[in-house]
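At position 39 of the sequence shown the residue is numbered 1304 (the working numbering), and the sequence of numbers has no breaks.
One structure below.
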Amino acid sequence: MQFESNIANGIRASDGGSICYVSSAESAEQTHHISFRYNQFFNNSGTVGGLFYAEPFSMVTADSQLEWIGNNCTNNTAQSGGVLSFSDYLSSVISQYNLYVDNSATQRGAVMDLGFAAGSNGAIEFRGDQF
């Protein structure tokens, strides 16, 4: 899944992820590579994961990853994970050259609320981000 060079402003979701909500059938192991590059996200909200939410998924492989590169995330909100939220889903997150301004969560993770897939190393890398 790839999102590149998009603009989203004022999108609301009554559940999770105003831009993207990922769920999968647990019938077979799957490798997920999700990429958000050079997008502009302003004033969006969701209950869990203001922009992106992935349901807990026990069949995801240990090499699944999320790339979050060069995005402008401003004034996005949620109860947890003002920008991103996932639990027991991915094994690797790369956050590089993003701008995070005035994002908020009423419970936890104004920018990210993360839980890594079982059996993974649970790696996250922040490079060149501005908070």
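Beta carbons are placed, not taken as given, at the ideal position from N, Cα and C, and that holds for glycine.
Reduced DSSP secondary structure (H/G/I, E/B, other) of residue i
i            : result
residue 1278 : coil
residue 1375 : coil
residue 1297 : coil
residue 1288 : coil
Cβ-based burial, residue i [other Cβ within 10 Å; buried from 16]
i            : result
residue 1366 : exposed
residue 1274 : exposed
residue 1298 : exposed
residue 1371 : exposed
residue 1364 : exposed
residue 1378 : buried
residue 1315 : buried
residue 1329 : buried
residue 1312 : buried
residue 1396 : exposed
residue 1279 : exposed
residue 1375 : buried
Residues that DSSP places opposite residue i in a beta bridge
i            : result
residue 1358 : 1331 and 1389
residue 1339 : 1307 and 1366
residue 1272 : 1305
residue 1381 : None; residue 1381 has no bridge partner.
residue 1349 : 1317 and 1377
residue 1267 : 1300
residue 1395 : 1364
Assumed close pair residue i, residue j - CB separation to whole angstroms, cut-off 8 Å
i            : j            : result
residue 1288 : residue 1320 : 5 Å
residue 1308 : residue 1284 : Not quite, the Cβ-Cβ distance comes to about 12 Å (not below 8 Å), so this is no contact.
residue 1350 : residue 1304 : Not really, about 17 Å apart at Cβ, beyond 8 Å.
residue 1306 : residue 1337 : 7 Å
residue 1386 : residue 1356 : 7 Å
residue 1339 : residue 1369 : That pair is no contact at about 11 Å.
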